[in-house]
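A.B. asks: Residue numbering for the sequence shown is 403 to 852, as defined by the numbering used here.
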Amino acid sequence: MTKVSNLYFLWQQRGTALNRLGNFAASQLGRFATGQRSHFATFSMKSLSNQTTAVLVIVLLAVSFSSLGIAAFLATSEGEPTANPTPTQTSEALTQATKTGTTAVSPTTPVTQITVQIGAYQQVYATAQTTLGGFLAEASIPLGLNDEVMVNGNPVPRVDLYDTVLPEQVTIQQNRPTVTPKPTATETAVSYTLIVDGTNQTIHSPHTNPLDVVAQAGIPLNELDYLRPNADTPLQPGAQIEVIRVTEQIITEDEELPYETVWQPNDQMDIDTREQVSIGTPGLARKQVTIRYENGVEVSREQTASWIEREPVNEVTAYGTRITLHPIDTDQGPREYWRVVKMRVTSYTAASSGKAPDDPAYGITASGLPAGKGVVAIDPNVVPFQSEVYVPGYGVAVAGDTGGGIRGRWIDLGWDADNYESWTGHVDVYYLAPVPPVDKINFLIPSVVP
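1. In chain order, what are the residue ranges of uninterrupted beta strand (DSSP E) at least 3 long that sit wholly in the stretch 796–835?
2. Are the beta-carbon atoms of I574 and E540 separated by less than 9 Å?
3. Going by CA-CA distance only, name the one from T635, R647, P622 that's closest to T610.
4. Candidates Y628, G600, D627, Q638: which alpha carbon is nearest P608's?
5. State yes or no: is the C-beta of Q690 within less than 9 Å of the C-beta of V679?
6. Tell me, which residues are paired with N668 by DSSP?
7. With 16 other CB atoms within 10 Å as the buried threshold, where does A587 fall?
8. In three-state terms, what does DSSP make of Y564?
9. Output the distance between the C-alpha atoms of D669 and P714, rounded to the nearest integer angstrom.
10. When you compare each of E696, P838, N844, P684 to D599 by their alpha carbons, which one comes out closest?
11. Can you tell me whether R439 is buried or exposed, with buried defined as 16 or more other CB within 10 angstroms of its CB?
12. State whether the stretch 827–840 contacts the stretch 726–737, with contact taken as three or more CB pairs (one from each stretch) at a distance under 8 Å.
13. Mind checking F467: buried by the 16 CB within 10 Å criterion, or exposed?
14. Would you grab the beta carbon distance between Q571 and T517 for me? Rounded to a whole angstrom, and I think it's under 8 Å.
15. Candidates I681, N624, R724: which alpha carbon is nearest D672's?
16. Output the boundary residues of the beta strand (DSSP E) element that contains D733.
17. CB T719 to CB V664, shorter than 9 Å?
18. Quick check on the burial criterion: 16 or more other C-beta atoms within 10 angstroms. Buried or exposed for D814?
19. Given a cut-off of 9 Å, decide if G776 and V800 are closer than it, judged by their beta-carbon atoms.
20. Specify, as a first and last residue, the run of the alpha helix (DSSP H) that P612 falls within.
21. Which first and last residues belong to the beta strand (DSSP E) in which G685 is found?
22. Mapping DSSP to helix, strand and coil, what is K744?
23. Using a Cβ-Cβ cut-off of 7 Å (strictly less than) and excluding sequence neighbours within five positions of S755, which residues of its own chain qualify?
24. May I ask you to report which of helix, strand or coil DSSP gives A768?
25. Over what stretch of residues does the alpha helix (DSSP H) that includes E570 continue unbroken?
26. Express the C-alpha separation of V743 and R676 in angstroms, rounding to a whole number.
27. Quick one: grab the DSSP three-state call for A541.
28. Select from T706, E662, I621, T604 the residue whose C-alpha is nearest the C-alpha of I652.
29. What does the Cβ neighbour count give for E790, buried or exposed, with the cut at 16 atoms within 10 Å?
30. Just tell me which of I808, L626, T533 has its CA closest to the CA of V747.
31. From the DSSP output, read off the bridge partner residues of A528.
32. How is the beta strand (DSSP E) around P557 delimited, first residue to last?
33. Straight-line CA distance for T692 to P631?
34. Tell me whether A779 is buried or exposed, calling it buried when 16 or more other Cβ atoms sit within 10 Å of its Cβ.
35. Are the CB atoms of L534 and T514 within a distance shorter than 9 Å?
36. Closer than 7 Å by C-beta to F787: which residues in its own chain qualify, once you throw out the five before and the five after it? Chain order, please.
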């Protein structure tokens, strides 16, 4: 590798020497053409010929000297004579330099580092050039007819290369037909089918490792890409190698967090009255999801992070707890009530309770009272159990039954078999005094009437 790097250095020195001699020759000829016009008449054609010949001799000597120096270097390796390297040996040495990160310039050159990516290989150069075109010419990097020079992912037109400031990194996108090297005398190439980017290619290669075959074909692999079969699987002749292109997309998904209603009792407000103290606002939960695509098809979604973007703010509502007695006339005379609630109304008898007449519990309510007129079924969470209520048109009754399906604001009027009346619709139910203990009162009965 040292030999190849030094060879490159000598070639640069030869270029530097030629440039200086060229400048010197040009200056001398320029001087002759312009600076000495006043003495032009004194020069003969012989003098002109002598000066021109001198300059040319100097240039030819410099070229010969530099060529002999390089040839002498190639003829020796660490002081021992050796044969000139073949193109294959030189290519292998440059490849090794690329793998080890060795730069191909002299440390004495004023350097600006630039990384060149060609296919799957990278190499770091140092140059004194200030334009991209100047660097490519200096480094003798060949460009094919359809190759593209990319800077920051954008192609640079050929006509703009010498107007483009030297970047930190340049990519040469080779757009060339795949050429499979012929096997050496000790190697036997076999055919493989390479599936990549939606195309099928036939590759002839002496390698049996999928990664080596793909590298030989000049197919670049990104960080997440993988091969099928995997890189450690020995290949059989005629095998298929598929390059799986893997990309990932990171997205965020939002979920609304509902707020709750906080109830505050207020003894300055009448029972069954409510007032909003403050409004509620929902919160926001956010999660980060990584979506994985293989050859453009989604194969997985994984939650990689989650957090609360905004906490919900609860709604605060006050409800009344003040109870006031009011007079009411009933079928049993004047009474007082402390609450009135609109409810759905239905009717039932012992025969409709779901028990057979010979059942010992037939006609017996949840309170132990016999079913019939004057006993109603209610939801104990709405009407205190075994309290008295008044239903206009029906009369005073005891909330002594619960019923199998009675829920919420619903009252089922009990009747005897000989005086049954079918009620439907909605009625006002008055809760008669006395007022039960506070722990028996539900101040927040459902607001919806079924």
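Glycine included, every Cβ here is placed at the ideal spot set by N, Cα and C.
C.D. replies: Reading it off the structure:
1. 797–803, 812–816, 828–834
2. As a working note, residue 574 is residue 172 in the sequence shown. As a working note, residue 540 is residue 138 in the sequence shown. Against a cut-off of 9 Å, the Cβ pair of E540 and I574 comes out as no contact.
3. Locating residue 610 in the sequence shown gives position 208, where the first residue counts as 1. Selected option, being the one with the closest Cα: T635.
4. Position 206 of the sequence shown, counted from the first residue, corresponds to residue 608. Among Y628, G600, D627, Q638, the Cα nearest to that of P608 is on Q638.
5. Residue mapping note: residue 690 aligns to position 288 of the sequence shown, counting from 1. Residue mapping note: residue 679 aligns to position 277 of the sequence shown, counting from 1. Contact flag unset, no.
6. On the sequence shown, position 266 is the one that residue 668 refers to. Partner residues in the beta bridge of N668, as assigned by DSSP, are G722.
7. Reading the sequence shown from its first residue, position 185 is the one you call residue 587. With a pLDDT of 44 at A587, under the threshold of 50, the modelled position of that residue is not reliable, and the figure given next carries that caveat. Label assigned to A587: exposed.
8. On the sequence shown, position 162 is the one that residue 564 refers to. Of the three classes helix, strand and coil, the one that applies to Y564 here is helix, per DSSP.
9. Translated into positions along the sequence shown, residue 669 becomes position 267. Translated into positions along the sequence shown, residue 714 becomes position 312. Their backbone Cα atoms lie some 28 Å apart in a straight line.
10. Along the sequence shown, one-based indexing puts residue 599 at 197. That would be E696, whose Cα lies nearest to the Cα of D599.
11. Here residue 439 is taken as the residue at index 37 of the sequence shown, counted from 1. Annotation note: pLDDT 36 at R439 (below 50); position unreliable, coordinate value reported separately. It counts as exposed.
12. yes
13. Here residue 467 is taken as the residue at index 65 of the sequence shown, counted from 1. Bear in mind that the predicted position of F467 carries a pLDDT of just 37, short of 50, making it unreliable; the figure below should be weighed with that in mind. Exposed: under 16 other Cβ atoms inside 10 Å.
14. On the sequence shown, residue 571 is found 169 positions in, with the first residue counted as 1. On the sequence shown, residue 517 is found 115 positions in, with the first residue counted as 1. Their Cβ separation, rounded to whole angstroms, is 4 Å, which keeps Q571 and T517 in contact under 8 Å.
15. Your numbering for residue 672 matches position 270 in the sequence shown. For D672, the nearest C-alpha among the options comes from R724.
16. The residue labelled residue 733 in the question sits at position 331 within the sequence shown. Here D733 belongs to no beta strand (DSSP E), and DSSP marks it neither H nor E.
17. Residue 719 sits at position 317 when you count from the first residue of the sequence shown. Residue 664 sits at position 262 when you count from the first residue of the sequence shown. Going by C-beta atoms, T719 is nearer than 9 Å to V664.
18. The residue labelled residue 814 in the question sits at position 412 within the sequence shown. Per the 10 Å Cβ criterion, buried.
19. Counting from 1 along the sequence shown, the entry for residue 800 is found at position 398. Counting from 1 along the sequence shown, the entry for residue 776 is found at position 374. Closer than 9 Å, so yes.
20. The count along the sequence shown starts at 1 and reaches residue 612 at position 210. Going by DSSP, P612 is part of the alpha helix (DSSP H) stretching over 612–618.
21. By one-based count along the sequence shown, residue 685 stands at place 283. From DSSP, the beta strand (DSSP E) with G685 extends over 685–696.
22. Numbered from its first residue, the sequence shown carries residue 744 at position 342. Residue state, collapsed to three classes: strand.
23. By 1-based counting over the sequence shown, the position of residue 755 is 353. Closer than 7 Å at Cβ, skipping near neighbours: A773.
24. Residue numbering aside, residue 768 sits at position 366 when the sequence shown is read from its first letter. Here A768 sits in coil by DSSP.
25. In the sequence shown, residue 570 corresponds to position 168, counting from 1. DSSP places E570 outside any alpha helix (DSSP H), giving it a letter other than H or E.
26. For the purposes of this step, residue 676 is taken as residue 274 along the sequence shown, with counting starting at 1. For the purposes of this step, residue 743 is taken as residue 341 along the sequence shown, with counting starting at 1. Rounded to the nearest angstrom, the gap between the Cα atoms of R676 and V743 is 15 Å.
27. The count along the sequence shown starts at 1 and reaches residue 541 at position 139. Three-state result, A541: coil.
28. Within the sequence shown, residue 652 is the residue found at index 250, counting from 1. Nearest C-alpha to I652: T706.
29. Start at 1 with the first residue of the sequence shown, and residue 790 comes out as number 388. Its Cβ being crowded by 16 or more others within 10 Å, E790 is buried.
30. As a working mapping, residue 747 is identified with position 345 in the sequence shown. It is I808 whose Cα lies nearest to the Cα of V747.
31. One-based indexing of the sequence shown puts residue 528 at position 126. Paired residue(s): Q515.
32. Within the sequence shown, residue 557 is the residue found at index 155, counting from 1. Its beta strand (DSSP E) spans residues 556–558.
33. Residue numbering aside, residue 692 sits at position 290 when the sequence shown is read from its first letter. Residue numbering aside, residue 631 sits at position 229 when the sequence shown is read from its first letter. Distance between the alpha carbons of T692 and P631: 25 Å.
34. Within the sequence shown, residue 779 is the residue found at index 377, counting from 1. In summary, A779 is buried, with 16 or more beta-carbon neighbours lying within 10 Å of its beta-carbon over all protein chains present.
35. Working through the sequence shown from its first residue, we reach residue 514 at position 112. Working through the sequence shown from its first residue, we reach residue 534 at position 132. Not closer than 9 Å, so no.
36. Taking the sequence shown and counting its residues from 1, one reaches residue 787 at position 385. Correct list, in chain order: A801.
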